[in-house]
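Right, one structure below, let's go through it.
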Amino acid sequence: MPRPIEALIHTDALAHNLTRARVRAPDARLWAVVKANAYGHGIERAFEGLRSADGFALLDLAEAERIRACGWRGPVLLLEGAFEARDLELCSRLHLWHVVHCSEQVDWLAAHKTHQPHRVFLKMNSGMNRLGFAAAPFRAAWARRSALPHVDEISLMTHFSDADGERGIAHQVAAFEAATHDLPGERSLANSAAILRHRLRSDWVRAGILSYGSAPDFPAHGIADWGLQPTMTLRSRLIATQSLQSGDSVGYGSSFRAGSPLRIGIVACGYADGYPRHCATGTPVLVNGVRTRTLGRVSMDMLAVDLSPTPEADIGSEVTLWGHGPHGTVLPIDEVAHAAGTIGYELMCALAARVPAHAVGA
Ligand SMILES: Cc1ncc(COP(=O)(O)O)c(C=O)c1O
404 MPRPIEALIH
414 TDALAHNLTR
424 ARVRAPDARL
434 WAVVKANAYG
444 HGIERAFEGL
454 RSADGFALLD
464 LAEAERIRAC
474 GWRGPVLLLE
484 GAFEARDLEL
494 CSRLHLWHVV
504 HCSEQVDWLA
514 AHKTHQPHRV
524 FLKMNSGMNR
534 LGFAAAPFRA
544 AWARRSALPH
554 VDEISLMTHF
564 SDADGERGIA
574 HQVAAFEAAT
584 HDLPGERSLA
594 NSAAILRHRL
604 RSDWVRAGIL
614 SYGSAPDFPA
624 HGIADWGLQP
634 TMTLRSRLIA
644 TQSLQSGDSV
654 GYGSSFRAGS
664 PLRIGIVACG
674 YADGYPRHCA
684 TGTPVLVNGV
694 RTRTLGRVSM
704 DMLAVDLSPT
714 PEADIGSEVT
724 LWGHGPHGTV
734 LPIDEVAHAA
744 GTIGYELMCA
754 LAARVPAHAV
764 GA
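And the structure:
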């Protein structure tokens, strides 16, 4: 029998979450952002749930090929564009739209010989200072690119650094507007946090984390506030129980010590499965759908949980590390991420390859 750990990818929840993005941005077309192997969900597994999107946005050429192999004929956008000149050949062959964020990419495009029209998303650096042209070079790049015969359409794009937080987006929107107000072309500005928290003109919105059932602004808001559903469940089972006496410790480093007699369960899940080692005692977990807490340090293949709220639990009992539990229970990935001092994005992307994952529908 294999280890009892598994991941479930909920395609119905992916589809539901996309409808939430559409409600928030009713006039926009929707990119489903599927970089990083669909945020750890697996592109092929996630595809079924995300196929109502207007396009797929990603980074790797290999991932673009996988989306095409799923049968997707619509728009595919390379969010970082070409990494070298010859990448443009694949863009031509697979009809990929691509971001252009630096002058080298404009040079490659100018030298690219093709009869295939290219649709490009010219990226402005409006304050994130990661990728993109500053305002004046942005306009110069626009003029240079619009003169290329094989560039048939130029869209204008930027990315927000603080859409989930207090600083907000107004300063970046103002910088973008000032640089682009008189340029034609569709706009793509909003990521998940901007879709959920801000109203703005964005002909194309880029829905990443919200599609995967994680709130971009947790703990200010949780998925219930935004009407989102978990799309990834990590679940396992108890493989042992122990009865501790007062003063007994649990696991490496004896970081947890029982203050009174305590029954604990040992779960087949550890950091080699992608569960964060930084989760301290008290991280929420469900046993048979009942909320309890982890105890002591997470080890490579196991972790310990407090069985006080579930005295009936025994070897074989179901443990939900995040996602959907039995009887309609839910443990948002954001709560576990928060306990580990990180964000839902990192946990889902870090799901280990050794965990078998299956797509499930409604
Ligand atoms: C350029 C760009 N657009 C959109 C997204 C999606 O962001 P989120 O997952 O916060 O919606 C990302 C993700 O980092 C990105 O880099």
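The numbering used here puts the first residue of the sequence shown at 404, with every later residue one more than the last.
For every residue, glycine included, the Cβ atom is placed at its ideal position computed from N, Cα and C.
Secondary structure note for LYS438: it is in no beta strand (DSSP E), and the uninterrupted alpha helix (DSSP H) holding it is 438-442. Considered as a whole, the region 606-687 harbours 607-610, 635-647, 665-670 as its complete beta strand (DSSP E) runs of no fewer than 3 residues, in chain order.
In this structure, DSSP gives HIS419 a helical state, which the three-state scheme calls helix. Within the region 501-529, the complete alpha helix (DSSP H) segments at least 4 residues long are 506-514, listed from N- to C-terminus.
The beta carbon of TRP629 lies closer than 6 Å to those of LEU599, ALA618 in the same chain, with the five residues before and after it left out.
With a 10 Å radius around the Cβ and a threshold of 16 neighbouring Cβ atoms, THR636 comes out buried. At the C-beta level, LEU592 and LEU603 come within 8 Å of one another. Per the coordinates, the alpha-carbon of LYS526 lies some 11 Å from the alpha-carbon of GLN508.
For the alpha helix (DSSP H) assignment, the uninterrupted runs of no fewer than 4 residues enclosed by the region 715-753 are, from N- to C-terminal side, 736-742, 747-752.
In the displayed model, GLU466 falls within a helix according to three-state DSSP. Annotated as proximal: ALA410 and ALA760, with beta-carbon spacing under 8 Å. CA-to-CA, the gap between GLN575 and ALA460 works out to about 22 Å. Following the DSSP letters along the chain, one finds ILE598 inside the alpha helix (DSSP H) bounded by residues 595-600. Nearest Cα to CYS682 within the set PRO478, ILE736, ARG469: ILE736. Remark: C-beta atoms of VAL688 and VAL701 do not approach each other more closely than 8 Å. Taking the Cα positions, LEU491 is about 35 Å away from HIS419. Assignment of GLY588 by DSSP, reduced to helix, strand and coil, places it in the coil class. DSSP places PHE459 inside the beta strand (DSSP E), whose first and last residues are 458-461.
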